[in-house]
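Single-structure report; data block below.
There are 4 protein chains.
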Amino acid sequence: MKENTEMVRTDLALELREEVENGCALEGVRVFTKTGKNADVRETRIEVLNEAGEKNLGKPIGTYITLESEALRQNDEGIHEPFTEALFQCLCRMIGDKRRILVVGLGNRAVTPDALGPYVVDNLYITRHLINEGIYDSALEISALCPGVMAQTGIETLDILKAVVEEIKPDIVIAVDALAAKNANRLNSTIQIADTGISPGSGVGNNRKALTEKELGCKVVAIGVPTVISVPAIVNDSMDIMLSALGRTEARKVVEEFTDEERYQLASEMVEPYLASMFVTPKNIDEAVKRVSYTISEAINRLLDVY
Amino acid sequence: MKENTEMVRTDLALELREEVENGCALEGVRVFTKTGKNADVRETRIEVLNEAGEKNLGKPIGTYITLESEALRQNDEGIHEPFTEALFQCLCRMIGDKRRILVVGLGNRAVTPDALGPYVVDNLYITRHLINEGIYDSALEISALCPGVMAQTGIETLDILKAVVEEIKPDIVIAVDALAAKNANRLNSTIQIADTGISPGSGVGNNRKALTEKELGCKVVAIGVPTVISVPAIVNDSMDIMLSALGRTEARKVVEEFTDEERYQLASEMVEPYLASMFVTPKNIDEAVKRVSYTISEAINRLLDVY
Amino acid sequence: MKENTEMVRTDLALELREEVENGCALEGVRVFTKTGKNADVRETRIEVLNEAGEKNLGKPIGTYITLESEALRQNDEGIHEPFTEALFQCLCRMIGDKRRILVVGLGNRAVTPDALGPYVVDNLYITRHLINEGIYDSALEISALCPGVMAQTGIETLDILKAVVEEIKPDIVIAVDALAAKNANRLNSTIQIADTGISPGSGVGNNRKALTEKELGCKVVAIGVPTVISVPAIVNDSMDIMLSALGRTEARKVVEEFTDEERYQLASEMVEPYLASMFVTPKNIDEAVKRVSYTISEAINRLLDVY
Amino acid sequence: MKENTEMVRTDLALELREEVENGCALEGVRVFTKTGKNADVRETRIEVLNEAGEKNLGKPIGTYITLESEALRQNDEGIHEPFTEALFQCLCRMIGDKRRILVVGLGNRAVTPDALGPYVVDNLYITRHLINEGIYDSALEISALCPGVMAQTGIETLDILKAVVEEIKPDIVIAVDALAAKNANRLNSTIQIADTGISPGSGVGNNRKALTEKELGCKVVAIGVPTVISVPAIVNDSMDIMLSALGRTEARKVVEEFTDEERYQLASEMVEPYLASMFVTPKNIDEAVKRVSYTISEAINRLLDVY
C-alpha cells in the first residue's frame, strides 16, 4: 500500500478503464474478457500497448489481468479452489520458463489492510535453502522477503530489494501488495496481476521508487488486492447522489461538466487534511485479508507441483 | 462498538452538544468546562438533568465527562501521566465508596478499532481471586470479563453480564468500549466517562440491549474512546465544502435549511448500503488503540493504591 | 490448560493406560482400538466403568476417545479431511439428540500453547442469535464463550459458565482445552474426546473447580489436544537413559523398584521450583495449534450440515 | 535464536564463566564486576583478550557486558528506567563516534521467544528517511531491518545483511537477538551486549554464517536476551539432584568425574531427538519478551537525545 499520504483514486487498471465514458475504445488499450471453466471467476485482461495507451489509461505499458469473484468476498469456501487455480494458471503464463523466484511481501504487517504481502509470505513453501543444502530436489527455487515499509526501516524498499536481488540473483520477482480501489464491492474479492512491476504512485505524485524490471534487473510480476478505499473516493462516489438529492439542475450541471480528474480533485479538497492518512475498510478486514492471502500463497505454492 | 450495521453519528455527548447552534443553552442540560492543574487535559462535564435534557441532547439522564488531549493522539509520552491521573480522579469520584469492581472489556478483539475493551482488560491487575485465596490483602476487589460480541457468541452481551453479575455480585461495573465520533481529531485522543451505563444505539434503532444499572442491578460506569468515524459522518462533513466549491447560493441555501438530522439522513442515503459495515480509521490504529488502552488500564490499576 | 503451577504428568487417558506394565488388563477399565476407513487415523476408546477403574486409571468414570495421527503433526494437508470426519463422527455419537450446543473455549489466548480453545471458537459458525432473530433456520443452535483464565478474570471459570449456562440453558456444553502429555510425539497430533467433563487436576491437587454435568446441570463433552509437556515429564523420560549411561546396576535397580508415581515425584523434585511455571513446547507451536484448531472448528461446524 | 536444531548450552559469556570451577582465573579472560549508581542493576564485563581466552571460554575475542536484574523479570516497573539508562550508557561506549546506525532485529516474529529482535525494531524511532528528506535534523541516523529467519526466506541472514549494508553503508550495525541460557532465573532478566558480532553456533556446529565486522565491513554490536532454556540444559541441571536422590556414592562419583562438556553431552543423549526442536519457556513469555524489548528500544531511542 502506498506509504505517502496522498491517496490514489484506484490502483486497479480495471476501474480506470471503467471510468472511460460508455466503455468506448481507448487508443493504445485493448481489453479482453474471459469466462473460464468456472463461471464464478471473471477474468479481464487489459493490455496497454503504447504511450498513447499509457496516457489514456494512466498506467505503464504492459498487461493487467484482473480476477474477480463476489464469492471470495463472501467467505464462500467453494470459491477458494477455482480462484486459486485461476491465479495459478495466470502466474504460469507470466512466469514462463523462469525457475528462481523471489517473492516479496510488501506492506506493513502492523496495519491490517496493508499486511497482505507479509501474510502471503507467511504461508509460502520456501525451497531455496533446502535446494542449496541438498535436502530438497526441485527445479523451482522459492525465496521470500518482507522488507517492511519506509516508516519502519528508514530505507527505500527499492534499495533493499535491489541489494538483495543483486546478491541472490533470482530470475523473477513476484511482488505482493495491498491496493486501493474505488468500489467497495471489489475489496478483498479482486486480484490484479501485472507484468509491469509495482509503480503505485505514478499518476499521483508518490515519490516511492517503483519496483520495475529496469530498476531490479529482472522481471517483476505484481500481485495486488484492493483492501481499502480512500476517503476522497467515498466522497466522490456520493456526489451524484447528493446532487440528485438537492434536486437542483443548475448545481448538477456544474458537476456533470467536470472531468473525472476534476471531480476527484474536488472530493479531495472536501475532506480535511487529517483525513488523508485515514482509510475506509470493512469491519472484517483481518479475516478478509487472511482469506485472500491464503489463496495467493496456495497459487504460488502450486507452482512447485508442476516444475 | 455497536454491533449492528447502522452507524451512529457520534457516541460523544460533547459532539452532540457542539451541534447545537451557537452553543446556546439547552433546557435540561448543563455544561461545565474545567482547566485542571495540567492545562493539556481539557475536561468537559455535561449533565443531562431531566427528560427535556434527554430529548434535547439525545442521551439518557446522567453525567458525561470528556477528557481531551491533542497530545494523546500525537504519541507525546509526556501526556500519559497527567491523562492517567485525570482519568483516575474522575473514576474515584464516580466509584465513590464501591469496593468490588467488575471491569468489562466490550468489543471484538479481532477488529482492531473495536479491541479497546479487551486491550484494557489485558493490562489490569486482577485481585479478586488473590483476595479470595488469601494471597493478597486489599480493600479493592478487581475482577474482569471480555464477553465478546454477539457475532462471536450468539448470546446478547447483556445476558452474559447479567448472569455473571448475579453470580459474583460486584458493587459496580466499569464497562470499557470503543465509540464512534464525528470529528477525526478526536479519534484516540478523547475519553468519555459516563455514569449512565452503555446504551450505544439509543437514538439510532440499535437493538442491542443496553448495559444499565436497571438491567444489571448495580451501578454501571462506562469508559469510551472514539476509534472510528462512520462513513456518513465523513460525507456529512464534506457537504459544506462541496457546496462552497459549487458556488451556487441556491443549492447551498437548500442544505442550510436542513436540520442536523436531515443532513445526516441525506449523508446516509448518499453512501451505498455495503458501506454501512465499513469504517474510517487512521493507519496507525493498532498503535493508537494500544496507547490509549494503557492509559485506561493504568488509571484503573491506580485505584488499588488508594484503597 | 491447568492454571496452577503443579504440572500434571499427563491429561491423556491413553498415556495413563500405557503406563500399566505390559498392557495387562485393568479392573474396571476397557480398551477398544479401531482402525477406521482411513487407516491414518487411529482411534482408541477407553471406558472407565466403575470406581475400581477410576482408581486404577486415575480418571473419572466415563468414556475417553483418542484420535491420533502422525500426519496431523507433520502438516500433511491430506490428513485434515479424514481427521475432521473422524472427530465429527465421534461428536455425533457423543452429542446424540442434543440440539442446543454451547462451545466453551477454555484457556488463555495470550499464551500460545494454551490458546487452543479460543482459536477453535474463533472459527465456529455461530447460529444462536441468527435463529433467535429469525435470520437463519436450523435445528442446531450453536453459541460460544471464551471465559478466559482465572489470572485474567479473578473469577473461577466454573462460576462464569454456571451463570451463563443457567441463563441460556444449552442442552450440552462442548469444552475445548489444551492438555499436557508425556510423549512429545503426541503434541498437536492427538485429540481426546471425553464425556466426563473437564477435571484437569483430579489427581494432582489442582483446586480449579471441574466443569462437569453435576456442576453445570447439562452434559459436558470435553475436547482436548496436548500442546505441552511438563518439565518433570521430560526429566522423568530421560532417567532410564541416564541410568544406562551411568552403567551402574546398583543405581538402576533402585529406580526400577520405583512405582510410576514415585519416579514422577523424584523427577518433580529434581527440577527447581521456578521451572514449575515453564513448559516444553515445539518451536512451531503457533502454527501447530492453529492447524489442529481448524480441524476441531470444522468438525463442530459440520454438525450444522446434518441437523 | 539459532535456526538449527542443535541447541546450545548457553549463549551467555557469563554462564560459561560461571562453569569454571571455583571461579578461578582463566588465562586470556578478564572479569570486572560493577555496581553502578543503581544497585539493582548488576553489570559484569568479561574481556576475552586472546586465543587462549577464546579457547578457555569458548567465545571469540572481544568484550561481553552483562546487565542483570531480578526486578526486570518480575515486572517491577521501577526497574525499567535504571535498566534502560544502564543499557544506554553501555551502548554509548560501544558506539563511540559512529553516527549512522542500522539496527537489525534477528529472529522469527511468529515464534514468541524468538521475536525479541522484531519487537525491538517495532518500537524504534527511525530517522534515516526523515533526514534524507530534510524533514528531521539530527546527527544520528537510525535505520532498521528485520530480515526474517532462513526457514522463512530461504536466504542466509548474513547474505541479506551484507547486501543491504553495502547499499546503505551504515557506520555500525546493532544486531538484536534472543539467546539461550542455562539458568531459568536469567530468562528475560539479563541483557548481554557484545562487540564481537553474533556467532551463535561457534562451539556447537551451527552452520549459520556469523554476522561479524569481517563479513559485514562495519562494526557489529550484538544485544541479546536469553528467552529459552534448551531441554538438555534442563536435564543437565537436574542430574545432581537426581544422583543425590539416588544416594549412591558410586554413581555420583562417576558423574562428578565428568567434565562440563561430557555432562552436557550425556544430557543431550538422554533426550529424544524429537525434543531437539523444542524449548523450555515460561508461561508469560509473550509479556516478558515485550517488556524487555521496550527497554532495549528505549535505550536505543535515547541515543537520539544526545547526538
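Residue numbers (our numbering), protein chains in the order written: chain A, 87 to 393; chain B, 87 to 393; chain C, 87 to 393; chain D, 87 to 393.
Just so you know, even glycine gets a beta-carbon here, dropped at the ideal spot from N, CA and C.
When the Cα atoms are used, what is the spatial distance from residue i to residue j?
| i | j | result |
| --- | --- | --- |
| residue 152 of chain A | residue 120 of chain A | 10 Å |
| residue 205 of chain B | residue 242 of chain C | 21 Å |
| residue 298 of chain A | residue 284 of chain A | 6 Å |
| residue 365 of chain C | residue 311 of chain C | 15 Å |
| residue 132 of chain B | residue 103 of chain B | 9 Å |
| residue 137 of chain B | residue 147 of chain B | 7 Å |
| residue 171 of chain B | residue 382 of chain B | 10 Å |
| residue 231 of chain A | residue 145 of chain B | 52 Å |
| residue 101 of chain B | residue 350 of chain B | 14 Å |
| residue 240 of chain D | residue 372 of chain C | 20 Å |
| residue 208 of chain B | residue 201 of chain A | 24 Å |
| residue 275 of chain B | residue 388 of chain B | 20 Å |
| residue 378 of chain B | residue 182 of chain C | 48 Å |
| residue 290 of chain D | residue 96 of chain D | A caution first: residue 290 of chain D carries a pLDDT of 36, below 50, which makes its placement in the model too unreliable to give a value. |
| residue 223 of chain B | residue 188 of chain D | 48 Å |
| residue 173 of chain A | residue 386 of chain A | 9 Å |
| residue 229 of chain D | residue 190 of chain A | 20 Å |
| residue 288 of chain C | residue 265 of chain C | Residue placement at residue 288 of chain C is poorly supported in this model, since its pLDDT is 37, which falls under 50; the coordinates still yield a value, given next. Cα-Cα distance, rounded: 13 Å. |
| residue 392 of chain B | residue 225 of chain B | 9 Å |
| residue 404 of chain D | residue 255 of chain D | Any question about residue 404 of chain D goes unanswered here, given that chain D covers just 87 to 393. |
| residue 277 of chain D | residue 281 of chain A | 47 Å |
| residue 48 of chain B | residue 315 of chain B | The structure shown does not extend to residue 48 of chain B, since chain B is modelled only from 87 through 393, so no value can be given for it. |
| residue 317 of chain B | residue 273 of chain A | 16 Å |
| residue 128 of chain C | residue 169 of chain C | 10 Å |
Rounded C-beta distance between residue i and residue j? I'm assuming under 8 Å.
| i | j | result |
| --- | --- | --- |
| residue 233 of chain A | residue 313 of chain A | Contact flag wrong, Cβ pair sits at about 19 Å. |
| residue 261 of chain D | residue 192 of chain D | 6 Å |
| residue 143 of chain D | residue 115 of chain D | 5 Å |
| residue 244 of chain D | residue 295 of chain D | 4 Å |
| residue 112 of chain C | residue 139 of chain C | 7 Å |
Within 10 angstroms of its Cβ, does residue i collect 16 or more other Cβ (buried), or is it exposed?
| i | result |
| --- | --- |
| residue 323 of chain C | buried |
| residue 176 of chain C | buried |
| residue 369 of chain B | buried |
| residue 268 of chain B | buried |
| residue 213 of chain B | buried |
| residue 118 of chain A | exposed |
| residue 179 of chain B | exposed |
| residue 59 of chain B | Outside the modelled stretch of chain B, which goes from 87 to 393, sits residue 59 of chain B, for which no answer is possible. |
| residue 91 of chain B | Legend: pLDDT at residue 91 of chain B = 42, less than 50; position of this residue unreliable, value from coordinates given subsequently. Exposed is the call here. |
| residue 345 of chain A | exposed |
| residue 227 of chain B | buried |
Can you tell me where the beta strand (DSSP E) with residue i in it begins and where it stops?
| i | result |
| --- | --- |
| residue 195 of chain B | It is not in any beta strand (DSSP E) - residue 195 of chain B carries neither H nor E in the DSSP assignment. |
| residue 231 of chain B | 227-231 |
| residue 273 of chain D | Counting along the chain, residue 273 of chain D falls outside any beta strand (DSSP E), and DSSP gives it neither H nor E. |
| residue 367 of chain A | 364-368 |
Tell me where the alpha helix (DSSP H) around residue i begins and ends.
| i | result |
| --- | --- |
| residue 309 of chain B | Residue 309 of chain B -> not in any alpha helix (DSSP H); beta strand (DSSP E) instead, spanning 305-315. |
| residue 376 of chain D | 371-392 |
| residue 297 of chain A | It is not in any alpha helix (DSSP H) - residue 297 of chain A carries neither H nor E in the DSSP assignment. |
| residue 218 of chain B | 214-218 |
| residue 246 of chain B | 243-254 |
| residue 201 of chain C | Counting along the chain, residue 201 of chain C falls outside any alpha helix (DSSP H), and DSSP gives it neither H nor E. |
| residue 103 of chain D | 99-105 |
| residue 239 of chain A | 236-239 |
How about residue i: is its Cβ closer than 6 Å to a heavy atom in the ligand NAP?
| i | result |
| --- | --- |
| residue 321 of chain B | Annotation note on the ligand NAP: not contained in the displayed structure, which lists no ligands. |
Segments of 3+ residues assigned as beta strand (DSSP E) that fall wholly inside the segment 111-181 of chain A
Complete beta strand (DSSP E) runs here, min 3: 115-121, 128-134, 148-154.
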